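Protein chains in written order, with the numbering used here: chain A, -2 to 298; chain B, -2 to 298; chain C, -2 to 298; chain D, -2 to 298.
Don't be surprised by glycine CBs; every beta carbon is placed ideally from N, CA and C.
All of these numbers come straight from a predicted model, not from anything done at the bench.
4 protein chains.
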Amino acid sequence: MSIVLGANQYGKAENRVVRIYRDTVRHEIRDLNVSTSLRGDFEAAHTDGDQADILPTDTQKNTAFAYAKEHGVTSPEDYALALGRHFLDAAPKADAARIAVEEYAWDRAPVGPDGHDHAFVRRGGATRTAVVTVDGHGAGQAAYVIAGVQDLVVLKSTGSEFKGFLKDEYTTLPEADDRILATSLVARWRYDGTDVDWNAAYDSILQLLLEAFATTYSRALQETLYAMGRAVLEAHPEVAEVRFSAPNKHHFLYDLSPFGLENNGEVFIAADRPYGLIEATVTRDDASDPGNAWVSTPGFV
Amino acid sequence: MSIVLGANQYGKAENRVVRIYRDTVRHEIRDLNVSTSLRGDFEAAHTDGDQADILPTDTQKNTAFAYAKEHGVTSPEDYALALGRHFLDAAPKADAARIAVEEYAWDRAPVGPDGHDHAFVRRGGATRTAVVTVDGHGAGQAAYVIAGVQDLVVLKSTGSEFKGFLKDEYTTLPEADDRILATSLVARWRYDGTDVDWNAAYDSILQLLLEAFATTYSRALQETLYAMGRAVLEAHPEVAEVRFSAPNKHHFLYDLSPFGLENNGEVFIAADRPYGLIEATVTRDDASDPGNAWVSTPGFV
Amino acid sequence: MSIVLGANQYGKAENRVVRIYRDTVRHEIRDLNVSTSLRGDFEAAHTDGDQADILPTDTQKNTAFAYAKEHGVTSPEDYALALGRHFLDAAPKADAARIAVEEYAWDRAPVGPDGHDHAFVRRGGATRTAVVTVDGHGAGQAAYVIAGVQDLVVLKSTGSEFKGFLKDEYTTLPEADDRILATSLVARWRYDGTDVDWNAAYDSILQLLLEAFATTYSRALQETLYAMGRAVLEAHPEVAEVRFSAPNKHHFLYDLSPFGLENNGEVFIAADRPYGLIEATVTRDDASDPGNAWVSTPGFV
Amino acid sequence: MSIVLGANQYGKAENRVVRIYRDTVRHEIRDLNVSTSLRGDFEAAHTDGDQADILPTDTQKNTAFAYAKEHGVTSPEDYALALGRHFLDAAPKADAARIAVEEYAWDRAPVGPDGHDHAFVRRGGATRTAVVTVDGHGAGQAAYVIAGVQDLVVLKSTGSEFKGFLKDEYTTLPEADDRILATSLVARWRYDGTDVDWNAAYDSILQLLLEAFATTYSRALQETLYAMGRAVLEAHPEVAEVRFSAPNKHHFLYDLSPFGLENNGEVFIAADRPYGLIEATVTRDDASDPGNAWVSTPGFV
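As structure tokens, then:
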């Protein structure tokens, strides 16, 4: 028996890269949080303290900022692909690079009919995400792209029930015919290939998710998530699978009966903890092999 | 010399009251975080553990939820006024009640031309606030209303400079002709009186703040805040004063010169800490006496 | 009527100053979060954008770090006093400087009988605080020192009741003979004068607070806070007043009766929101004038 | 091609279970954050909204609290094993249950030589963790136990260098002979089997991790992590592997030279973002098969 190094990776997390396009008086802004990491044969660094093969995290940071200028940021996916490919060239001992991006949306300040040219208001909520993994060197190099959205807080004030569930000796929950359904959704979808109009696909998928959430009668959050995933897969053949992580933001009907008041779904207390957490994957039965696309991405598999 | 009780107050903080209006198929939602507190002659509770004059924080909680039904929530200000007046009746030893409300905005899910009837997406950012203090009993009872907005993250990608400042032996900052100006603004304004169209006033003032931020050339964040406050006071005679707390969200130009790249205001690193913190009040020279309107409200005076 | 500038201040918040003393092989660490601010006649900056009297927040930052070397950090109070006095010299238009410090405690790594010489483990919890305000110039310059502790999470699993309270039509809370009492305490105490052994006083007062919390039978959190304040004032004549902000960290007895289980104070659910918030001042009836000691410090007066 | 359900799980996250042992006047406290989840054949819930096989998350919550009484909490691992085994009985369609526990440590209030009987101070930092997965039914049922610690913030003020690293055109970092090394460590170790003295093993492993951190000269954080893992595996044959996630909490030497001051490793600025993130596994070359032990646990594989 001997002690050995197992899986490992390293990189620079949460580089707050802000790219302003100011070629005309009407500026554009891309506001990113970029995390890079490399995997590969870095055993000497661990066992002997030998850094000769280590491209420092500080250099990864510099590169993330330089690429915002050299390559530019037309979309998180395109930028991350460029960065990931570069790192495999720059660090010969790396065999995979993972680039994770969060993008915060800004609206133009509401001045004039089309908004202000260079003043912006941060939208909040609904952060766009991208996770790109570039795998291998040379002709066989693969690239995996997962796009997504997080902090998408949605709520239905009716059209949701929860009943007919399994009961045991620890069950006290009454069945509910009409309840609030709310979640702070994380959705991630994996594209087949990289020949995608990233921004158009994102906009369309976000809209499909919201429509399915709104219009599906819900007998459980599981059913709603499945309907949302199916809607995306039906409309977007370039998407192989969709994964959801949905914390149930419970809204409990407040008991007003001690005060002689009716409460027909009008007054709720929003609870913090504990919360139901529902996770589900919706996929094609012939989906392509994900390779290492999901490695390191929070989720349940 | 003896040891005595000084200023004190108690209450229930962060009641997450969600009120759904469902009188028609087109629902409305008011999503509030409500904190209540009472001040008065509560010495016996402190010195003798005698709770006879203490309206428990649990009862304050129940009342906050009951009032969402009994009184309703047409605006944070109106709801808070009703609640504050009630508490002074319910707790005879109280001489002031302070009700602080945060309201989170929801948009209708983008389904159909007018949005969905009962599915909503939380907007994020720009939380509306209200702080109401009801003071005293009977005919002389006063009520103070402060409205506001927080988490309003705004950014200008040009139109901001910082130069001509005082220098000493610890100064290293170069002067800047063109920089990013960004802040996560907290603004609070105090109304004279309570005969105000709360929702209309809020919408108008938020718009004025954004317009002034966008269109004022900035020689310092101080100048921008002053311009924003002045714009509000000029347009709204019912506002007595405006207070700002503005953490400067620094965006530092990333030095790309080691890589042979120009950076003419295109690539920035957004920094977390430390941050400049600018606080200012803009007021009328004949503003009404604020009484205890600002007591307990975070701010610098 | 005209629009004028009211109260204002500016500075650099949250400078994370870490000072290592390494004069011997046995290192010492002081880990600080320092916020500085200046008040005074800064009208030109606001109304005309004229920065000639403004000592930039960047310079304040440089000074905070330089003083960690030049003056040193023997205690947060001593360091803050030095920094505050310096700023009034450096910025002639300032008439007050406020320096707020949080200090995070580190223990030596548990290696050998006395701990390791240069490896440390951050303790977590119980952050020491100091707020120093230096006021005015020349012979009449005053200095106010408030010390304190925050994030001090304490809990009693018995020895606490809550009953005999005021009841109204919104009361549902049953009386409690034996409950958990827990809070995440913020305590701040104001010293008379600056001729104090800061570290010894802090250690003693923290111990007195914990002892009074532990050993006082509690008929309400208010009574416990009062007892804690009295204990400090009785033992420390150099302390003029003590202020508490105590969010009641509710632990609700979990109802196990549906499962045929007794629950005699053994199983609780710790709740997040809402929470009771109790604030109280304990003072001497002949306490010195606080001047502007408390300006800008979170609290209720 | 058709659309199908992929991997899924559901449960109740962040149950804040507090268990007081009060059989004698000297109370004991176990303060837990418990998350439960089930995996299995739950397709009908997703595709048809049929909840007949779903043990609701509310029931899982009730069970977590009931088991704190019925089974008790002698250690997070033992409690989680009992809970996980129960759920596989209670939910016949489940084929795996995952129970994740965080435990917050409390010290006795420092009153008297042995601390107070029923007053406690929360320690902060160094949260103990356990992740238990119970897999399958009947005789072939397996149970996997991962223990760990998180929020363990450690720092060395010397004994760390970083040099000899790979350089490219984006490298600007100078080599460092003597720097601060600090991290907020997450460590998780997997036990072979369940016949372990959970509390004794935890205490021993935590001590080994701290000793190895303190006493290993560090040529990179990677080397330090490897040494820490090796120390655990050498001393604990019941541990199969150790995984680390170590965000590098950068402490940058503050440049005091513009002020004519030397800075020989005495004054640092602690930075928030970005940060290096180093992840590594140290394992035996003949480690047992982890099965689904790591599924859903944050980490890079």
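Cβ-based neighbour list, residue i, same chain, cut-off 7 Å, excluding 5 preceding and 5 following
| i | result |
| --- | --- |
| residue 119/D | 101 and 103 |
| residue 72/C | 195 and 196 |
| residue 304/D | No answer is possible for residue 304/D: the residues shown for chain D start at -2 and end at 298. |
| residue 139/C | 132, 133 and 288 |
| residue 268/D | 247 and 249 |
| residue 8/A | 32, 33, 34, 35, 54 and 57 |
Residues near residue i by beta carbon distance below 6 Å, same chain, minus five either side
| i | result |
| --- | --- |
| residue 12/D | 31, 58 and 61 |
| residue 241/C | 184, 222 and 277 |
| residue 156/A | 214 |
| residue 25/C | 18 |
| residue 16/C | 27, 65 and 70 |
| residue 137/B | none |
| residue 280/B | 238 |
| residue 94/D | 35, 81, 84, 85 and 131 |
| residue 88/A | 35 and 52 |
| residue 128/B | 97, 143 and 294 |
With 16 other Cβ atoms within 10 Å as the buried cut-off, status of residue i
| i | result |
| --- | --- |
| residue 305/C | This structure gives no information on residue 305/C, because the portion of chain C shown stretches from -2 to 298. |
| residue 134/D | exposed |
| residue 261/B | exposed |
| residue 53/B | buried |
| residue 56/B | buried |
| residue 249/C | exposed |
| residue 99/B | buried |
| residue 234/A | exposed |
| residue 293/D | buried |
| residue 21/A | exposed |
| residue 105/A | buried |
DSSP-derived helix/strand/coil call for residue i
| i | result |
| --- | --- |
| residue 291/A | coil |
| residue 51/A | coil |
| residue 248/D | strand |
| residue 270/C | coil |
| residue 229/D | helix |
| residue 190/C | coil |
| residue 199/D | helix |
| residue 126/B | strand |
| residue 138/C | coil |
| residue 206/A | helix |
| residue 280/A | strand |
| residue 41/D | helix |
| residue 223/C | helix |
| residue 218/B | helix |
| residue 32/C | strand |
| residue 162/A | coil |
| residue 243/A | strand |
| residue 157/D | strand |
| residue 254/A | helix |
Sequence-distant residues of the same chain with beta carbon closer than 8 Å to residue i, five excluded per side
| i | result |
| --- | --- |
| residue 265/D | 177, 248, 249, 250 and 251 |
| residue 116/B | 105, 106 and 108 |
Note down, one range per segment and in chain order, each alpha helix (DSSP H) of at least 4 residues found wholly within the segment 57 to 103 of chain D. 73 to 87
Is there contact here, the segment 177 to 197 of chain B with the segment 135 to 143 of chain B, by at least three beta-carbon pairs under 8 Å? yes
Is the segment 196 to 214 of chain D in contact with the segment 278 to 290 of chain D, if contact means three or more CB pairs nearer than 8 Å? no
Are the segment 163 to 172 of chain D and the segment 38 to 47 of chain D touching, with three or more C-beta to C-beta distances below 8 Å? no
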